[in-house]
Structures are given as structure tokens and as C-alpha cells.
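These notes concern the structure reproduced below.
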Amino acid sequence: MCRPTAALCAALCAAHLCAAARIQLLNHRPVIGVLAQENLPGDQFARGSSYIAASYVKYLEGAGARVVPIRINRTEEEYANIFNSINGLLLPGGDVDLQKSQFSRAARIFYRLALKANDGGDHFPIWGTCQGFQQLSVITAHKNLLTLTDTKAVALPLTLTPAALSSRVFRGFPKDLLQSLIEKNITSNFHSWSLSVQNFSRNAKLKRFYKVLSTNSDGKKEFISTMEAYRYPFYAVQWHPEKSSFEWIDKPGMIHSTAAVAVCFYTASFFVSEAMKNQHHFSSAAEEERALIYNFSPVYRGADAIFVQNYYFD
Ligand SMILES: *[C@@H]1O[C@H](CO)[C@@H](O)[C@H](O)[C@H]1NC(C)=O
Ligand SMILES: *[C@@H]1O[C@H](CO)[C@@H](O)[C@H](O)[C@H]1NC(C)=O
Ligand SMILES: *[C@@H]1O[C@H](CO)[C@@H](O)[C@H](O)[C@H]1NC(C)=O
């Protein structure tokens, strides 16, 4: 297969062949960055200062992508270099400050780079899960609009909006799977904070940027559970598709049914297909090899750990 260069793609885009170029020139060796975050306080397994839950790595690997860990506390120059080498970014769940942490700093830097790239016809997708969803909302709104909800360990059925069926995220889902998503409690919610429908609707920046695909309620407050940007390949889920296949803590809200596992795969596969539309690459095979997560080993944290395996970084 011909591996198009960035220059070729840029030339095709300049010739207004962007859409056609994207369809023809899929990158079947996508590499996705997963952003690390500050260690959880009191994590007895921690080595170094930051981690990535292995479930997010497996999630992407299971859908045909390789993963590069993006370390926190690096220079903007280093981040720009990584950005130009990878095909998409995943912002995982966790528990850090969405305005002051090094995780939030790196997320903002990549977000800005992604806006600029996409504006120039360079398709660069971002996926946010749980905290990643919240982080994207804080960046887009330029403030934290989250509110406490009773959603710490509960599986919920999605209330899809009319826009969901024609959305990029869901339109490729098998019909019976969408039916399961609507009817059965199969999306895992493990969050204390949510973006309420009320705050979303009152914020012009968020409303203009994101199309709401699903909502949920904790019985008192209605919150946004899935959204995609109108004009950018940015996607956010407040729930955890990856847990159904790759996390095993025995708690309410953990669902391992066939349908839940299928949802895990279809969301990952969708995002990886978005990354395949991007042609960034490392400057050499050796540089790519040094960056991949295969250089690190996950640590087993025990059957009752919220993340069964973590990667740790200095
Ligand atoms: C990295 O962390 C140290 C200590 O927290 C801080 O002083 C430094 O400014 C950080 N560097 C970057 C690039 O964020
Ligand atoms: C709206 O956002 C504010 C923060 O700006 C927060 O204090 C409040 O609880 C939120 N209200 C709802 C209903 O989400
Ligand atoms: C299933 O979801 C509904 C909300 O639609 C919720 O009220 C109920 O508690 C959930 N059931 C379980 C067993 O989690």
C-alpha cells in the first residue's frame, strides 16, 4: 500500500481534494496518544509521578491502534513534536484538577494544536472519557461548569437525542446494539461531577461547539453523557466504554454483558477509524519505536483495584 506523505496530503488538500484524499488515503497503522496524569494520592503501587490506566491502552489496541504514552510536565515544543507524530489523542478518566494539573495543561496544549490542525484540513481526532469529557468541557467553556451528581458506581441506559442516530459516533453502530444502549443499563458511570443539561444550554461556547448525543439523570439532575463537536472530530463520553472489557473490580455499575463489551469495541473502533484519517508519523521508525508504550510494562494492582493494571512514568 502507498503510504502518503503529509506533503502529498497537504497538496491534495490545497487542490480541494481533501475529502477524496481522506477516503482514499487511510492510515492503517494509526498511533494514538494517551495522556498520562498525576498519580492518585496514596497509590501504593505508584512508581514515579504519573500513570495511565492500562484499560485505555487495551481499548485502543483492541480496535487496531498502537499507543504512545504522553507524559505530563513536558515542554510545549516536545508536545508539538509528539502531536505531529501521532494520529489522535485520548484523554482518559481519573481524578486530577481540571484547571491546575499538569494533565490539564497538556490537554489544553494538544487541544489548541488540534483546533489549528483541523482548521487547516489536517484531520486530528480527540476522544475524552469521563474526566476526559469533563476536561474537554472545561477547555471549550474556558471555565468549570461541572456540578456534583449521584453517579459514582451505576450503570445507566443512554437517553439518546434525536441527533444521535445520524451522529458520527453512533451511525455505524448495529441497530440492535443501539437498542441495547437505550433499553439496558450497560454504560458504566463512575463520576462525582457532571455537566448538567442546564449549564450546557446556558453556555454559548459549549452549545455552539458540541452536539449532544445522549443525556442521563441521577434522579435529580439531567446531565450530558455523550457529545461530539459539530465542526471538529472531537468526541466525549461521560461513561466508561473501556471498563466493560478491561476492568474487573466487583462493584455496582460494572457491566460485562456481551452488549456492553460490543459497545466498548464499537466506540473504540469508531475512534480508531477517525485516527486512520490522519497521516502524521514519526520522523523515523526508530523514533516511533522509542515512543510506543511497548517500552513500558503495566503493574498489576490487584482484583479490587479501580484500575486493574496501570502504567507508571517518572
Ligand atoms: C515540571 O514540574 C516542575 C515541578 O512541579 C515545575 O517546576 C516545572 O515548571 C514543570 N515543567 C513544565 C514544562 O511544566
Ligand atoms: C453550573 O455551574 C456552576 C459553576 O459555574 C456550578 O456551581 C453549578 O452547580 C452548576 N449548576 C448546574 C445545575 O449544573
Ligand atoms: C437503571 O437505570 C435507571 C435509569 O434509567 C436507574 O433508575 C436504575 O437505578 C438503574 N438500575 C440499575 C440496576 O442500575
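The sequence shown runs -20 to -1, 1 to 294 under mature numbering (1 follows the signal peptide of the UniProt record, and there is no 0). The beta-carbon is built from N, C-alpha and C at its ideal position, and this holds for glycine as well. Just so we're clear, the structure is a prediction, and the values are computed from it rather than from any experiment.
Buried/exposed call for Tyr274, threshold 16 Cβ in 10 Å = exposed
Inter-residue CB distance, Asp75 and Leu20 (contact presumed, cutoff 8 angstroms) = 6 angstroms
Using beta-carbon positions only, say whether Gly73 and Val48 come within less than 8 angstroms of one another.
-> no
Is Thr127 near ligand 2, with its Cβ less than 7 angstroms from a heavy atom?
-> yes
Neighbour-count burial assignment, Leu145, 16 or more Cβ in a 10 Å radius = exposed
Where Pro154 falls, given that 16 or more other Cβ within 10 Å makes a residue buried | exposed
Please look up how many angstroms separate the CB atoms of Thr195 and Val217, rounded, as I've assumed it's under 8 angstroms.
-> Not quite, the Cβ-Cβ distance comes to about 12 angstroms (not below 8 angstroms), so this is no contact.
Buried or exposed by the 16-neighbour rule on C-beta atoms within 10 Å, applied to Ser277 = exposed
Flag Leu140 as yes when its Cβ comes closer than 7 angstroms to any non-hydrogen atom of ligand 3, and as no otherwise.
-> no
Mark Tyr280 as exposed unless 16 or more other C-beta atoms lie within 10 angstroms of its C-beta, in which case mark it buried.
-> exposed
Cβ-heavy atom distance between Ala135 and ligand 3 below 7 angstroms?
-> yes
Sequence-distant residues of its chain with Cβ nearer than 6 angstroms to Glu268 (five each side left out) = Phe262
Let me know if Ser264 comes out buried or exposed under the rule of 16 or more other beta-carbons within 10 Å of its beta-carbon.
-> exposed
Local conformation of Asp99 per DSSP, three classes = helix
Test item: CB-CB of Ala43 and Ser30 under 8 angstroms | no
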